[in-house]
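Asker: One structure, as structure tokens, below. Some questions next.
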Amino acid sequence: MIIDSTEELAVDCCLLAGRLMMEAGAETYRVDDTMARMAACQGLAGADSFTTSTGIIFSPGGNRHVKLASIRKRATDLEKIARVNAVSRGLSAGEMTLEAAYQELKRIERGDFMFPFWLQLLAAAVASGSFLILFGGHWLDIPAAFVAGGLGFFVSETFHEKTRVKFFSEFTASAVVGLLSLAAVRTGLGGQLDLIIIAAVMPLVPGLLITNAVRDLMAGHFMAGTAKGAEAFLTAFAIGAGIALVLSFRGVA
Amino acid sequence: MIWVINGICSFIASAMFGIIFNSPRNRLLHCGFVGLVGWLAFLAARDLFLGGDAVKASFIGAFAVAVVAHLFAKRYRTPMIIFSVAGIIPLVPGGTAYNAMRNVMETHYDVATVHAMEAFMISGSIAMGLVFAEVIIQLVFKNKRRTA
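And the structure:
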């Protein structure tokens, strides 16, 4: 079996693109589609792939080696998806050589395109404030929602970095949100406890997971769809449990 | 006036979620716009036409989000998910789910079940809205290509 280096590179390129997209939170069917397109334009006839949210198996067809990439970390990084998509488009349209595409993908893998953390924190806080108004809250409660939402997001992110257990970090974050809101209402800085909690918890809601789970299920990717659905359910449950803990103490304190 | 305030707040909230989800920088305003369209469609449907039925209104809101997101995706040649994810967030039934849980904690299980069912139905109708819009748009574009 002879494998020339160009083919090897093409296979690596497809798999790297797939892994990057999956890690950034793309839909499974899009990952499959992207890899199929890249493989087709590189002349890998009969290429096929099997994608789940924890790993990708890519078979380049013929008597070439099957390769596997496992996905260990999952985050939401829409910028990364857009960049990989652009590379795949460029490669398929022939505007980019295989070598250049691979280098670009490597650069995307190394690069950090995230917004600075303080800006994300601010965004979460501001989003909480606007949700309060959307859900019919009073203007005077905005500061409470702003602080609770920002701190909740902060706790969720820092705990996730430290412990790597998503369930725990979300549980703690929502408990913090609940406690802060309760404190705000008790000290008279906030009026409606329910609305403050709902608004401040919104930045933790697994929105991307829910949409992706549904779209994967509808596209026939039942493995990935149920896996993502389970992750979304677990997250929602963690948030609910954190809030429930605080609410259950409300009567006592 | 209430519409203007709602529009501004949904725009800000969706754009902020664009930052949290790390959307490309030059697409943040588009994310906000998608959220605005979805929320106003939801609100108009719920309060003006359906008499407070949040389940059907969520379908309409999600449908609007998916249509606008798809048009942006075609226009800027980026994956649709970049626009739709932030736009869908305001529609998520956070309040209903919260009420369900709160009633469970207060051992009002009968009220809790009603809220939980509503939250479940709303999530389902959001999903239906997204998928229906996508399928219909694909049919439209396919027909256009065939006639062109």
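Residue numbers (full-length UniProt numbering), protein chains in the order written: chain A, 1 to 253; chain B, 1 to 148.
Glycine included, every Cβ here is placed at the ideal spot set by N, Cα and C.
1) In the DSSP output, which residue or residues are listed as bridge partners for ALA69 (chain A)?
2) Count the other C-beta atoms from every protein chain shown that fall within 10 angstroms of the C-beta of PRO79 (chain B), then say buried if there are 16 or more, exposed otherwise.
3) Is ALA230 (chain A) buried or exposed, if buried means 16 or more other CB atoms sit within 10 Å of its CB?
4) For THR52 (chain A) and LYS73 (chain A), I'd like the C-alpha separation in whole angstroms.
5) With distances taken from CA atoms, which of B:ILE2, B:ILE19, B:GLY52, B:TRP3 is nearest PHE83 (chain B)?
6) Any beta carbon from chain A within less than 9 Å of TYR109 (chain B)'s own beta carbon?
7) I think ILE89 (chain B) touches VAL155 (chain A), with their Cβ atoms under 8 Å apart; what is that distance to the nearest whole Å?
8) Taking C-alpha atoms, which residue in B:LYS142, B:ARG102, B:ILE122 lies nearest to ALA241 (chain A)?
9) At 4 residues or longer, and completely inside the stretch 156-217 of chain A: list those alpha helix (DSSP H) runs for me, N to C.
10) MET105 (chain B) and GLY244 (chain A) - do their beta-carbons sit closer together than 9 Å?
11) Using the three-state DSSP reduction, which class does THR78 (chain B) fall into: helix, strand or coil?
12) Using a Cβ-Cβ cut-off of 9 Å, state whether GLU134 (chain B) counts as contacting chain A.
13) Between which two residues does the beta strand (DSSP E) holding ASP48 (chain A) run?
14) Please identify the residue among A:PHE168, A:SER128, A:GLY25 whose C-alpha is closest to the C-alpha of ILE81 (chain B).
15) Assess contact between the stretch 62-72 of chain B and the stretch 27-43 of chain B, defined as three or more Cβ pairs (one per stretch) separated by less than 8 Å. Is contact present?
16) Quick one: give me the first and last residue of the alpha helix (DSSP H) that ILE12 (chain B) is part of.
17) Determine, using beta carbons only, whether MET1 (chain B) comes closer than 9 Å to chain A.
18) Rounded to whole angstroms, what is the Cα-Cα separation between GLY36 (chain A) and VAL67 (chain B)?
19) Can you give the beta carbon distance from ILE239 (chain A) to GLU170 (chain A), rounded, assuming they're within the 8 Å contact cut?
20) ALA119 (chain B): which of B:GLY7, B:ASN99, B:ARG27 sits nearest, CA to CA?
21) Does the distance between the C-beta of ALA66 (chain B) and the nearest non-hydrogen atom of the ligand ATP fall short of 8 Å?
22) Would a C-beta distance cut-off of 9 Å place VAL201 (chain A) and GLY87 (chain B) closer than the cut-off?
23) Once you ignore the five residues that flank LEU9 (chain A) on each side, which residues in its own chain have a CB closer than 8 Å to its CB?
24) May I ask you to list, following chain order, the residues of the stretch 201-222 of chain A that have a beta carbon less than 8 Å from some beta carbon of chain B?
25) Please classify THR107 (chain B) as buried or exposed, where buried requires at least 16 neighbouring CB atoms within 10 angstroms.
26) Under 6 Å Cβ to Cβ from ASP48 (chain A), same chain only, skipping five residues before and after it: list those, please.
27) Going by C-alpha distance, which of B:TYR76, B:ALA127, B:LEU29 is nearest VAL92 (chain B)?
28) By a C-beta neighbour count over all protein chains shown, 10 Å radius and 16 as the cutoff for buried, is HIS138 (chain A) buried or exposed?
29) How would you label GLN138 (chain B), buried or exposed, when you count the other beta carbons within 10 angstroms and need 16 or more for buried?
30) Please list, in chain order, the chain E residues whose beta carbon lies closer than 8 Å to that of GLN192 (chain A).
31) In this structure, how does DSSP classify THR96 (chain B) when only helix, strand and coil are distinguished?
32) In angstroms, rounded to a whole number, what distance separates the CA positions of VAL55 (chain B) and VAL185 (chain A)?
33) Beta carbons nearer than 9 Å to chain A: which residues of the stretch 84-97 of chain B have them?
34) Alpha helix (DSSP H) containing HIS30 (chain B): first to last residue?
35) Which value, in whole angstroms, describes the spacing of the CA atoms of ASP216 (chain A) and LEU189 (chain A)?
36) Against chain A, with Cβ distances strictly below 9 Å, would THR78 (chain B) count as a contact?
Answerer: In short, the structure shows the following:
1) A:ILE56
2) buried
3) exposed
4) 13 Å
5) B:ILE19
6) no
7) Not a contact, Cβ separation roughly 20 Å.
8) B:ARG102
9) 166-186, 193-201
10) Note that residue 244 (chain A) is Ala in the sequence shown here, rather than Gly. Yes, these two residues count as a Cβ contact at 9 Å.
11) coil
12) yes
13) 48-51
14) A:GLY25
15) yes
16) 2-20
17) no
18) Residue 36 (chain A) is actually Ala in this sequence, not Gly. One C-alpha to the other measures close to 26 Å.
19) 6 Å
20) B:ASN99
21) With respect to small molecules bound, the structure shown includes none, and the ligand ATP cannot be examined in it.
22) no
23) LEU98, GLU99, TYR102
24) VAL201, MET202, PRO203, VAL205, GLY207, LEU208, ILE210, THR211, ASN212, VAL214, ARG215, MET218
25) exposed
26) SER59
27) B:ALA127
28) exposed
29) exposed
30) In summary, chain E is missing from the structure at hand, where the protein chains are A and B.
31) helix
32) 31 Å
33) SER84, VAL85, ALA86, ILE88, ILE89, PRO90, VAL92, GLY94, GLY95, ALA97
34) 28-44
35) 44 Å
36) yes
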